[in-house]
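Q: Position 247 of the sequence shown, counting from 1, maps to 260 under my numbering, and the rest follow consecutively.
In this text, a Cβ means the ideal position worked out from N, Cα and C, and glycines have one as well.
Note that the structure is a prediction, hence the values are computed from the model and not measured.
Before I ask anything, here is the structure I am working with.
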Amino acid sequence: MVVAYSKQYSFIVFINDMYCTISLFLPMDMAGGSVWDCLPYLTNLSQSYRQDTGRLYVTGYAGNIRVGVSDYGVSITGSLAKFYLGTNLHTLTRSDTIRALEQLADTLHLPIHKAKVTRIDAGHNIITDYKPELYYPSFGPSAYYTRLTQPKSISYQNSQRSKKAYNKIAESKKNRVHIPDPYAGKNLFRFEISYTARLQKQFNQALITPETLTDERFYMGIYDRWYKEYDNIDKLGLTNMDTSKIHTPKDYKDQLLLMAVQEKGLEALLHHIEIMKEQKVFKHKKYYTDLRNDLKKMVSTKGKAEEPELIQELNSKIERARRYYR
């Protein structure tokens, strides 16, 4: 089953964290007054002086939201879901996000609707039949991303975006976050996409503000991008030998090689080619490029494959999550 949309989907904005956090920057000239006026509404105030800029910086908190103030303006960073709902396990609907931003503006006494969004995260929690770690081995490469694995997560990164699948319950327990009753004893698989640089170009927007985030068309576009980023990850199946393509001994060997590539994973073999390159196994550098291209072409044509049962389950739930919103 998929938990209802209103408890599952959120898009979040952040700058310093890989989790559901918001980060905004409001320049001094956009504040309509002094940004220092928000200090009485903050707790745990501290200050520092930077000799390189010759400026004073004051930091404090509005609940869990970290606020930094200087003559440049004010930066706002923290989990919007936790600020508004008290936990970052429950994520925000579009209407929730509108109310949460209004509450944050009222708390800080600042026009944060004028702030600039510096990073956007879109995430969705999926209740799975098994613990999330069992799904990761079937996550293969994704074009234009570098694949990274950790015990409790798998991530993909490039210069402008990153995406990550991880065990949300394990992450919450690690951070000593209370697990709400609806999630107690459940397996919670989270997939999120982070837009980290050149947002205006990626979204073809002159400026992205909190009001942009709550615009219905932009919100729907974020959700569609989230789905496509999941779909663009190659899912490694159990390849069967396609006898319809075997006419010569060479065809048979090609099928065997394809099965080996599918079993080991393209990313692992491309990494091995890089090691061979460092070891100068071949005399000609062109051989490494040719070998990489041959393997990629082989995987793109693929043989008959059986998707693992776990991936069939996850694909179905991801697709249902998209249909539920649409």
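1. Where does A219 sit, in a helix, a strand or coil, going by DSSP?
2. Please check the pair L39 and V87, which I expect to be a contact at CB under 8 Å, by giving their CB distance rounded to whole angstroms.
3. Leaving out five residues on either side along the sequence, give the residues of the same chain with a beta carbon under 8 Å from the beta carbon of Y85.
4. Between M14 and the rest of its own chain, which residues show a CB-CB distance below 7 Å, the 5 nearest in sequence each way excluded?
5. Contact defined as beta carbons within less than 8 Å: I believe G153 pairs with I246. What is the distance between those atoms, to the nearest angstrom?
6. Look at the alpha carbon of G91 and the alpha carbon of N77, and state the distance between them as a whole number of angstroms.
7. Leaving out five residues on either side along the sequence, give the residues of the same chain with a beta carbon under 6 Å from the beta carbon of Y265.
8. Look at the alpha carbon of D228 and the alpha carbon of G234, and state the distance between them as a whole number of angstroms.
9. Go through its chain and collect everything with a Cβ distance to R107's Cβ below 8 Å, but skip five positions before and after it.
10. Inspect the beta-carbon positions of N57 and Y74 and report whether they are closer than 7 Å.
11. Opposite P40 in the DSSP bridges: which residues?
12. In the DSSP output, what is V80 paired with across the bridge?
13. Based on the DSSP secondary-structure assignment, which residues constitute the bridge partners of R203?
14. Find the nearest neighbour of L37 within the set S59, S47, L93, judged by alpha-carbon distance.
15. If you reduce the DSSP assignment to three classes, tell me which class D247 lands in.
16. Is S151 near K248, with beta carbons less than 7 Å apart?
17. My assumption, with CB atoms under 8 Å, is that A44 sits in contact with L123. Please give the rounded CB distance.
18. Going by DSSP, name the residue or residues bridged to L161.
19. Roughly how many whole angstroms lie between the Cα atoms of I28 and I324?
20. Under 8 Å: do the segment 295-305 and the segment 267-276 share three or more Cβ pairs, one atom per stretch?
21. Taking the alpha helix (DSSP H) that T120 belongs to, which residues open and close that run?
22. On the three-state DSSP scale, how would you describe Y18?
23. How big is the Cα-Cα spacing for L114 and E326?
24. Between P193 and K330, what straight-line distance do the alpha-carbon atoms span, to the nearest angstrom?
25. Our contact map puts N176 next to S166 with C-beta atoms below 8 Å; I'd like the distance itself, whole angstroms only.
26. Pull up the DSSP beta-bridge partners for F152, would you.
27. Please return the same chain residues whose Cβ sits closer than 6 Å to the Cβ of A17, not counting the five positions on each side in sequence.
28. What runs of the beta strand (DSSP E), each 3 residues or longer, lie entirely inside the segment 275-335?
A: Taking the coordinates as given:
1. Along the sequence shown, one-based indexing puts residue 219 at 206. In this structure, A219 counts as coil in the three-state DSSP scheme.
2. Position 26 of the sequence shown, counting from 1, holds the residue named residue 39. Position 74 of the sequence shown, counting from 1, holds the residue named residue 87. Going by Cβ atoms, the distance from L39 to V87 rounds to 5 Å, so yes, they are a contact pair.
3. Reading the sequence shown from its first residue, position 72 is the one you call residue 85. Hits under 8 Å: P40, M41, R68.
4. If you number the sequence shown from 1, residue 14 lands on position 1. Confidence is the limiting factor: at M14 the pLDDT is only 34, short of 50, which leaves the residue's position unreliable, though a coordinate-based value still follows. Excluding sequence positions up to five before and after M14, its CB lies within less than 7 Å of the CB of I140, all in the same chain and listed in chain order.
5. Along the sequence shown, one-based indexing puts residue 153 at 140. Along the sequence shown, one-based indexing puts residue 246 at 233. The pair is a contact, with the Cβ atoms about 7 Å apart (cut-off 8 Å).
6. The residue you call residue 91 lines up with position 78 of the sequence shown. The residue you call residue 77 lines up with position 64 of the sequence shown. Roughly 6 Å between the two C-alpha positions.
7. Your numbering for residue 265 matches position 252 in the sequence shown. Around Y265, the same chain offers I259 as residues with beta carbons nearer than 6 Å, after the five sequence neighbours per side are excluded.
8. On the sequence shown, position 215 is the one that residue 228 refers to. On the sequence shown, position 221 is the one that residue 234 refers to. Their Cα atoms are separated by approximately 10 Å.
9. For this step, residue 107 is matched to residue 94 along the sequence shown. Same-chain partners within the cutoff: T227, E229, Y232.
10. Locating residue 57 in the sequence shown gives position 44, where the first residue counts as 1. Locating residue 74 in the sequence shown gives position 61, where the first residue counts as 1. A contact, by the Cβ cut-off of 7 Å.
11. For the purposes of this step, residue 40 is taken as the residue at position 27 of the sequence shown. Its beta-bridge partners are G86.
12. Along the sequence shown, one-based indexing puts residue 80 at 67. Beta-bridge partners assigned by DSSP to V80: G73, I89.
13. On the sequence shown, residue 203 is found 190 positions in, with the first residue counted as 1. N138, Y179, per the DSSP bridge assignment.
14. Taking the sequence shown and counting its residues from 1, the one referred to as residue 37 is at position 24. Of S59, S47, L93, the residue nearest in Cα terms is L93.
15. As a first step, residue 247 must be located in the sequence shown, where it is residue number 234. Of the three classes helix, strand and coil, the one that applies to D247 here is strand, per DSSP.
16. Counting from 1 along the sequence shown, the entry for residue 151 is found at position 138. Counting from 1 along the sequence shown, the entry for residue 248 is found at position 235. In this structure, K248 lies closer than 7 Å to S151 by Cβ.
17. Your numbering for residue 44 matches position 31 in the sequence shown. Your numbering for residue 123 matches position 110 in the sequence shown. Contact holds; Cβ gap of about 6 Å.
18. What you label residue 161 is simply residue 148 of the sequence shown in a count that begins at 1. According to DSSP, L161 bridges with S168.
19. As a first step, residue 28 must be located in the sequence shown, where it is residue number 15. As a first step, residue 324 must be located in the sequence shown, where it is residue number 311. Low local confidence applies: a pLDDT of 29 at I28 is under 50, so the model's placement there is unreliable, with the coordinate-based value given in what follows. Straight-line Cα distance between these residues: approximately 31 Å.
20. The segment 295-305, when compared against the segment 267-276, does not touch it at the 8 Å Cβ threshold.
21. Counting from 1 along the sequence shown, the entry for residue 120 is found at position 107. Secondary structure note for T120: its alpha helix (DSSP H) is the uninterrupted segment 107-121.
22. Here the question's residue 18 lines up with position 5 in the sequence shown. In this prediction, Y18 scores a pLDDT of 30, lower than 50, which makes its location untrustworthy; the coordinate-derived value is nonetheless stated afterwards. Y18: helix per DSSP, three-state reduction.
23. Stepping through the sequence shown from its first residue, residue 114 is reached at position 101. Stepping through the sequence shown from its first residue, residue 326 is reached at position 313. Per the coordinates, the alpha-carbon of L114 lies some 35 Å from the alpha-carbon of E326.
24. Taking the sequence shown and counting its residues from 1, one reaches residue 193 at position 180. Taking the sequence shown and counting its residues from 1, one reaches residue 330 at position 317. Cα to Cα, the separation comes out at about 22 Å.
25. Start at 1 with the first residue of the sequence shown, and residue 176 comes out as number 163. Start at 1 with the first residue of the sequence shown, and residue 166 comes out as number 153. Residue identity differs from the one stated: residue 176 is Lys in this sequence, not Asn. Contact flag wrong, Cβ pair sits at about 11 Å.
26. Mapped onto the sequence shown, residue 152 falls at position 139. K248.
27. Walking along the sequence shown from the start, residue 17 turns up at place 4. For A17, the predicted model reports a pLDDT of 34, less than 50, meaning its position is unreliable and no value from the coordinates is stated.
28. If only complete runs of 3 or more residues are kept, the segment 275-335 shows no beta strand (DSSP E) anywhere.
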